[in-house]
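See structure below.
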DNA sequence: GAAAACTAGGTACACCGTACCCGGTTGTCC
DNA sequence: GGACAACCGGGTACGGTGTACCTAGTTTTC
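Protein chains in written order, with the numbering used here: chain U, 1 to 230; chain P, 231 to 460.
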């Protein structure tokens, strides 16, 4: 955790920040699976094992990456006073950050950042619902439910996109490949609502941002209704 | 996709179902990372490469596992008429299934099942909100938001448990190891709400099931309020 | 100048998914 | 009954992975 110059020994050839930056560049462009210690070493022009002078292992690299991205949607240090707007903005900015870094959602779904920026985000999210007359347990549950929705929604969203990217196909080619299986499902007649989805979906809530916000607003409605003030 | 006896050739020594069962046994007991083609082959007493007669690759094995677990929380084929109770039950049973299979949440967070049981679950979830005067797009958004909450919540929940399991430590040992970092965070004074969490959390909503249900009920409240009938 | 504390990084090990291939078994058809 | 297609089991091999361990060089302190 200390990128600073130690007392003795030669000057380090690079820094944890440079390593993190290289890892982000690779993962953003080629996906999380493109990250390997050998690859990262090649990227910054060092020997593979030298990386272990800066991080304790690959997991540590991932932690650094997550914490770096967490900084991108850090809420302002002082809440606006409108808890709903603040929570909504945090959710939307979190999603946008995960869209900029398509590998992010898969990681944060199962492991939230315990680095400085992760903790800061958590603290500021709690501060958004502070002063509403809630116990810390309820505050935690409310913030947690919004995080759960955002992480769950975006993980599903990006999971599909990343799976598509891995195939190397475009959307048309992919749909053409799925067509026979889809046909079988529809022809069986056992899935009338799924058939309706295929036939008539997309008239409303066609914009992905709008779809995300729709569910988010339902959740925020429910939270608002449970608040002491009404 | 065809475990049936083919026309020619020797009788297969095992079946996709047996392979799936072995994979579930290993993953449930030792985690998803314990699943390897060599390990599975050893488990069912076959050569490694023979598995490829039954599945196209490791991803296919995972798909089979997910679809098998999906059968565990398949909603009844006819909704009760109480959409809220049905959606709530689906969420709770989905979570319970993911608790029985700790590896499941990590997988479904980014890749929903497109196998028979996955499609059936999807169809029946939609049928729960059918007949309420909603367009298929809104139905999709509502079901999707509940899925997002459940997947997001349980993925975070299980992610923590699985991370703990991987260390091999028990809760006390793990907390003792984190203590110095925690101390630093608290001593800095920059995280007063986080400090409150550490100090006073657990008085309300101490039961994990209750915590999960609390957020879920907020979401369902918000959905109820948006329904045409009120 | 010696020693301590750090640095870079090569080698090696155990494991992974799976492409490719060979040889054996079974059913069908002439 | 013989030929052959179609399938099965599975060994070998390749190009990857994370990282433990070790050697050797460099800088600072005493």
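Ideal placement from N, C-alpha and C gives every residue a C-beta, glycine not left out.
Contact annotation for residue 110 of chain U against chain P: 335, 336, 339, 385, 386, 388, 389, 390, 392 and 393 [CB-CB distance below 9 Å, chain order]. Using a CB distance cut-off of 9 Å, residue 343 of chain P does not count as an interface residue toward chain U. According to the DSSP assignment, residue 192 of chain U belongs to the alpha helix (DSSP H) that extends over 192 to 200. Using a CB distance cut-off of 9 Å, residue 328 of chain P does not count as an interface residue toward chain U. Shown in chain order are the members of the segment 445 to 460 of chain P whose Cβ falls below 9 Å from a Cβ of chain U: 445, 446, 447, 448, 449, 450, 451, 452, 453, 454, 455 and 456. Interface residue (Cβ-Cβ distance to chain U less than 9 Å): residue 382 of chain P is classified as such.
Rounded to whole angstroms, the Cβ separation of residue 388 of chain P and residue 328 of chain P is 6 Å, and the two are in contact under 8 Å. The C-beta separation of residue 423 of chain P from residue 123 of chain U comes to about 6 Å, placing the pair in contact by the 8 Å criterion. Look at residue 329 of chain P here: in three-state DSSP terms it is helix. Proximity to residue 245 of chain P across P:238, P:337, P:391 and P:291 peaks at P:291, based on C-alpha coordinates. The Cβ of residue 282 of chain P sits no closer than 9 Å to any Cβ of chain U. Around the beta carbon of residue 162 of chain U, 16 or more other beta carbons sit within 10 angstroms, so the residue counts as buried.
Membership of residue 124 of chain U in the alpha helix (DSSP H) is indicated by the continuous run 116 to 128.
Membership of residue 145 of chain U in the alpha helix (DSSP H) is indicated by the continuous run 136 to 167. Counting along the chain, residue 255 of chain P sits inside the alpha helix (DSSP H) bounded by residues 246 to 260. Contact check for residue 345 of chain P against residue 276 of chain P fails: the beta carbons are separated by 9 Å or more. With contacts defined as CB atoms closer than 9 Å, residue 378 of chain P and residue 118 of chain U fail to qualify as a contacting pair. Taking the C-beta atoms as reference points, residue 249 of chain P is found nearer than 9 Å to residue 274 of chain P.
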